[in-house]
Amino acid sequence: MIRVNNIHLSLDYDDKSVRKAVAQQLRIEEKSIKSCKIFRRSVDARKKDNIYFLTTVDAELNINEDKVCKKCGKAQIARKYEYNQMKFGNAPSPVVVGAGPAGLFAALILARSGANPILIERGRDVDRRTADVNRFWTSGQLDITSNVQFGEGGAGTFSDGKLNSGTKDIRQRKVLEEFVSHGAPDEILYNAKPHIGTDMLKGTIKNIRNEIIELGGRVMFETKLVSMAFSDNKLKSVETKNGDEIIETDNVILAIGHSARDTFEMLYDLKLPIEAKPFSVGARIEHLRQKVDKAQYGRFAGNKKLGSANYKLSTHLDNGRGVYTFCMCPGGKVVNASSEENRLCTNGMSEFARNAENSNSALLVGINPDDYESDHPLAGMYLQRKLESKAFVAGGENYNAPIQRVDDFLNNRKSTHLGDVKPSIGPNYEFSNLNEILPEYVSTSMAQGIVKMGKMLHGFDDGDAVLTGVESRSSSPVRIMRKTDTLESVLIEGLYPCGEGAGYAGGIISAAVDGIKCAEKIIEKSNK
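For the sequence shown, the residue numbers in the numbering used here are 506 to 1033.
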């Protein structure tokens, strides 16, 4: 099979036009192509009068492929990715803490190895969790056990199912293929910005869980890790809150997610090496979807093959701060992502169709431990809590979100009315001045960033765009220190800090990859 790069396809391409384009690129006859399939596809919208798909295509030929590659520099021999599944040796069943992407994929790999893993999750299964979240979004009744942060699938379940990733690890292909084999759409295998959608992701997650169970794994919901026991710096057991059960094991993957704050405190009390790490703070910015589509696609806006437009913006300010958009949700909505009583934070999500009235993204300012109010390892977490408490008060102390028009934000005044953008967040919202919630260095940077980004994307600085605060959970505020070779804690043998919560990932794909890597280390050790 040959992988052919830099194939330009029109928006109305079909299988025949793909074959023709590949033949022209390779300088061969079409009849020499046995089959071809798109491996990667992105939208090139740099010229608004000539938008097209930029693709990489895998082609199987009837003629000598090596000779074709030698004469065509834009082609290379491609081999199908195959994962080497190892077998588990002689050791007790490992425990996986957390059923987010890191935990689910770690448990899946362990189950396939014959390890009979025990997966514990503090929240509920995805069906009951969905009901709990919907109730919160409509009534404001928060369940601190089951919410946007806690439960089967992790925070990513209610964050659009976006599978963008900067990781170059080859295991990312494994993650995408597993999602597809468990029910996700095939297009995530080739789209440059793959997306499942919250609505489709739920079924995919359940299918992964069911396979883990069928292979001998055990999945325990509403089961929170409350302590661990060590001896001679080796893990011996974990204690859960579900009937105060003690599970004896010498291997635990700690995939707790970025919002398990009580667990962070427990680990600190156990004197595990933890350090504060940089993260980002800001708000959600929401525009009319049709205006974003027009700004990105011009006369091609509305084309079904293009779908709702994406964007990714960043700028560096004179004050040394970086401002950027993150977790962009085309045709989506802003959601209340609170998980602690009397604290409020936001996120964004889309369903697979991405056809809601608005598009939104996080507008974030990078901060680092020098900005925190102490040198405590959990200082970043405490800053998050402080900002979320202020947002809760500003929203009326009933989980209504504080919102502000961009024009009012730039002029540092409380909003009193809306323009053409209607906030999508529930259960409701309250007019506010986000400048009074966010640290001055964050709000000033955001304001400068909005103005600069308005020059990059027409309409981004629209005065009627809506900001909803606060966005404080873009990544974990801590890093649980681990060894680079074994991935075990630097202090405790058999303890594997893993995924986004431990500070080693930044999204669904990278977290799932880290879960696979930790599972592999346990399997390798079991065979020694």
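Quick reminder that beta carbons are idealized off the backbone N, C-alpha and C, glycines included.
Kindly give me the distance between the Cβ atoms of residue i and residue j, rounded to whole angstroms, as I take these residues to be in contact under 8 Å.
i, j, result
"Lys1033", "Leu992", "About 15 Å separates the two Cβ atoms, so there is no contact after all."
"Leu868", "Thr830", "6 Å"
"Ala695", "Phe857", "The question names Ala, yet the displayed sequence has Tyr at residue 695. That pair is no contact at about 16 Å."
"Val971", "Glu791", "5 Å"
"Val757", "Val600", "5 Å"
"Asn567", "Ser537", "5 Å"
"Ser764", "Ser844", "5 Å"
"Gln889", "Ala550", "That belief does not hold up - the Cβ atoms of Gln889 and Ala550 are roughly 35 Å apart, past 8 Å."
"Lys553", "Gly803", "3 Å"
"Ser1031", "Asn595", "7 Å"
"Phe914", "Asn940", "7 Å"
"Asn738", "Ile997", "6 Å"
"Ile556", "Val562", "With 8 Å as the limit, Ile556 and Val562 do not qualify as a contact, their Cβ atoms being about 19 Å apart."
One question on the structure: do residue i and residue j come within less than 7 Å of each other, judged by their Cβ atoms?
i, j, result
"Ala788", "Thr973", "yes"
"Gln530", "Val509", "yes"
"Pro597", "Thr754", "yes"
"Leu740", "Leu1000", "yes"
"Val631", "Leu730", "no"
"Gly608", "Arg634", "no"
"Leu668", "Pro699", "yes"
"Asn852", "Ser664", "yes"
"Pro882", "Ala781", "yes"
"Gln1013", "Gly661", "Gln is not the amino acid found at residue 1013; the sequence shown has Ile there. Yes; because the gap between Cβ atoms is below 7 Å, this pair is in contact."
"Gln909", "Ser920", "yes"
"Ile985", "Ile779", "yes"
"Met886", "Arg978", "no"
"Asp969", "Gly924", "yes"
"Ser670", "Ser1015", "yes"
"Leu514", "Thr560", "yes"
"Leu759", "Pro606", "no"
"Thr728", "Thr745", "yes"
Once you ignore the five residues that flank residue i on each side, which residues in its own chain have a CB closer than 7 Å to its CB?
i, result
"Pro944", "none"
"Glu534", "Ala528"
"Ser651", "Gly628, Arg629, Arg633, Arg634 and Asp637"
"Ser644", "Pro932"
"Gly447", "Absent from the model: residue 447. The displayed extent of the chain is 506 to 1033, so no value can be given."
"Asn621", "Ser598, Gly721 and Gly722"
"Lys579", "Val509, Asn510, Asn511 and Gln530"
"Arg859", "Gly812, Ser813, Pro835, Gly836 and Gly837"
"Asp674", "Val1018"
"Arg918", "Asn938"
Suppose the cutoff is 6 Å on Cβ atoms and the five residues either side in sequence are ignored; what does the same chain contact list for residue i look like?
i, result
"Ser954", "Per the sequence shown, residue 954 should be read as Gly rather than Ser. Closer than 6 Å at Cβ, skipping near neighbours: Thr820 and Val828."
"Gly871", "Ser785 and Gly827"
"Phe610", "Ala1017, Gly1020 and Ile1021"
"Ser540", "Glu565"
"Lys679", "Tyr588"
"Ala899", "Pro907, Ser937 and Ile942"
"Ala861", "Gly836, Gly837 and Lys838"
"Glu976", "Gly787, Ala788, Arg789, Thr851 and Ala867"
"Gly484", "In the structure displayed, the chain extends from 506 to 1033; residue 484 sits before or after that span and is not available."
"Pro874", "Ala781"
"Val947", "Val786 and Val870"
"Asp648", "Asp637"
Tell me residue i's beta-bridge partners as DSSP assigns them.
i, result
"Val548", "Phe558"
"Glu935", "Pro907"
"Leu514", "Phe558"
"Leu972", "Ile790 and Gln909"
"Ile507", "Ala564 and Ile582"
"Lys796", "Lys796 pairs with nothing; no bridge assigned."
"Ile538", "Leu566"
"Lys667", "His700"
"Ile543", "Val562"
For residue i, which residues in the same chain have their Cβ closer than 8 Å to its Cβ, ignoring the five residues on either side in sequence?
i, result
"Lys585", "Met506"
"Ser742", "Met733, Ala734, Ile751, Ile752, Glu753 and Thr754"
"Ala806", "Gln795, Asp798, Lys799 and Ala814"
"Gln646", "Arg640"
"Asn905", "Gly645, Pro932, Asn933, Tyr934 and Glu935"
"Gly688", "Met705, Gly708, Thr709 and Asn712"
"Ala896", "Arg848, Leu849, Cys850, Ala906, Pro907, Ile942, Gly974 and Val975"
"Gln590", "Ile614, Arg617 and Ser618"
Q) At what residue ranges does the stretch 623-660 contain a whole run of the beta strand (DSSP E), taking only runs of 3 or more? A) Whole beta strand (DSSP E) segments, 3+ residues: 623-625.
### Query
Where are the alpha helix (DSSP H) runs, 4 residues long or more, that stay fully inside the stretch 558-601, in chain order?
Runs of the alpha helix (DSSP H) lying entirely within the stretch 558-601 and spanning at least 4 residues, in chain order: 570-576.
request  = Write down every uninterrupted run of the beta strand (DSSP E) in the stretch 978-1020 whose length is 3 residues or greater and which is fully enclosed by it, in chain order.
outcome  = As far as the stretch 978-1020 is concerned, its whole beta strand (DSSP E) runs of at least 3 residues are 983-985 and 1000-1002.
Counting only runs of 3+ residues fully inside the stretch 707-791, write out the beta strand (DSSP E) ranges in chain order.
Within the stretch 707-791, the complete beta strand (DSSP E) runs of at least 3 residues are 723-725, 730-736, 739-745, 751-753, 757-759 and 779-781.
Which runs of the alpha helix (DSSP H) fall wholly inside the stretch 818-903 and span at least 4 residues, in chain order?
-> The DSSP assignment places 884-899 as complete runs of the alpha helix (DSSP H) inside the stretch 818-903, in order along the chain (cut-off: 4 residues).
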